[in-house]
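**Q** There's a structure below that I have some questions on.
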Amino acid sequence: MTFSNKLIFWYLQNDRDLPWRKTRNPYFIWLSEIMLQQTRVQQGLSYYLVFTKEFPTVFDLANASESKVLKLWQGLGYYSRARNLHATAQYIASDLNGIFPDNYTDLKKLKGVGDYTASAIASICYEHPEAVVDGNVYRVLARHFGRQTAINSSLGIKEFKALAQELIDPKQPGTFNQAIMDFGALHCKPQNPLCTSCPLQNSCVAFTTNTVKELPVKEKKTKVKQRYFNYLVLLTKENKTVFTERKGKGIWQGLYEFPLVETTNSVEESELVYAAEFKKYIKEEAKIVLFNKEDTVHKLSHQHLHTKFWLVKLDEHKDAEISWDTLQKYPVPVLIANFLEELDTLNGYF
DNA sequence: AACCCGGGGAG
DNA sequence: CTCCCAGGGTT
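Numbering-wise (the UniProt record's numbering), the first sequence opens with residue 1 and increments by one.
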């Protein structure tokens, strides 16, 4: 049996029952693929169900506001995916009359669609022999063929793509692609792979040479940056606050937050009030209370956010235009959502 | 080529 | 704690 035959044979007995497996509608496949970028199936599943119910067609998605899309995306992370998703829906609805591109080259031109996603859609929806290479494929191929090239090097990216392309079953490319990904996710797992019951054990170089734990090879990771956030949670006599959209290049673009004073260290109230950023926001007489005794540490993959929430009570503020009881409409980072929920459970504290 | 972009689950 | 997930975009 060929590598491909073994994989597909395994897949026919072990495939997961997932909603996007029941359709070849490119809209649904595209939606699922964007959501699952760097995201576990288990985490993305509930979002997929919400989006397909809320936006049954690409036109429904296109006609929604970006804020609505971000709100439904809230908690899934990598929010540029949601913004690109919305922009692409509008492009397809307006410029392409709702018809998705039907080949790799045109699919890859879409915002948020790279090599992996274009290959996935082309193979699953149109049976084009375009090999996908996701984290699962890197792992399965590196182990089975004993490849030691770093999977995140430019050489490795080319090498594994070419290898996958050699192996793909041209008669059933969509099935092959999904089979190798499911096999990586369920059987050839990152930790504790099920080698003893593996149908590809005999031909697996890593198993034969006892190097399963060493593969795949990955190059160094970047260091985690420590940042110190001070959120100014304003409340005026009229129950209004300042809540603004994050702009620019950094994290959480398009999401809402309270006025933010970033410092180089964890600060006391006496230091905070002298910060230039603080003075920019608070000129009025105000009563300030620190909400969390210990810094809330919100961990992103590349930075740790040490956060203090300062409750600021004042009579009035020129920028306080958002009523406190409408905050839940806005898309917010999980850090803010958690704070609001905690504040909610302390009903009357603020 | 290097860096940035979230959040969560598993071990 | 560390690793990594159905990756893509920017510099």
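Beta carbons are placed, not taken as given, at the ideal position from N, Cα and C, and that holds for glycine.
All values derive from a computational prediction rather than experimental measurement.
Note down, one range per segment and in chain order, each alpha helix (DSSP H) of at least 4 residues found wholly within the UniProt domain "HhH-GPD" (35-186).
**A** Correct list: 41-54, 58-63, 66-73, 80-95, 104-108, 115-126, 135-144, 154-167 and 173-186.
**Q** Kindly indicate which residue of SER123, CYS204 and THR211 has the alpha-carbon position closest to the one of PHE176.
**A** SER123
**Q** According to DSSP, VAL289 sits in a beta bridge with which residue or residues?
**A** LEU311
**Q** Compare the Cα-Cα distances from ASN136 to each of SER80, HIS306, LEU215 and TYR91 and report the closest residue.
**A** LEU215
**Q** Check residue 370 in the structure and name its three-state DSSP category.
**A** The structure shown does not extend to residue 370, since the chain is modelled only from 1 through 350, so no value can be given for it.
**Q** Looking at TYR11 and SER32, is the spacing between their C-beta atoms short of 9 Å?
**A** Cβ distance not < 9 Å, so SER32 and TYR11 don't count as in contact.
**Q** How big is the Cα-Cα spacing for GLN328 and LEU61?
**A** 21 Å
**Q** In chain order, what residues of the same chain lie with their CB nearer than 6 Å to the CB of residue 379, ignoring the 5 residues before and after it?
**A** Absent from the model: residue 379. The displayed extent of the chain is 1 to 350, so no value can be given.
**Q** How many angstroms separate the CA atom of PRO56 from the CA atom of VAL50?
**A** Between PRO56 and VAL50, the C-alpha separation is close to 10 Å.
**Q** Mapping DSSP to helix, strand and coil, what is TYR11?
**A** helix
**Q** Apart from the five residues on each side of it in sequence, which residues of its chain come closer than 8 Å, Cβ to Cβ, to ILE8?
**A** The answer, listed in chain order, is ASP169, GLN172, THR175, PHE176 and ALA179.
**Q** In whole angstroms, what is the alpha-carbon distance linking PHE207 and PRO193?
**A** 11 Å
**Q** Taking its Cβ as the centre, do 16 or more other Cβ atoms sit within 10 Å of residue 369, making it buried, or is it exposed?
**A** Outside the modelled stretch of the chain, which goes from 1 to 350, sits residue 369, for which no answer is possible.
**Q** Could you name the residues that DSSP lists as bridge partners for LYS247?
**A** For LYS247, which the question treats as bridged, DSSP gives no partner whatsoever.
**Q** Taking C-alpha atoms, which residue in SER154, LYS111, LYS189 and VAL113 lies nearest to HIS144?
**A** LYS189
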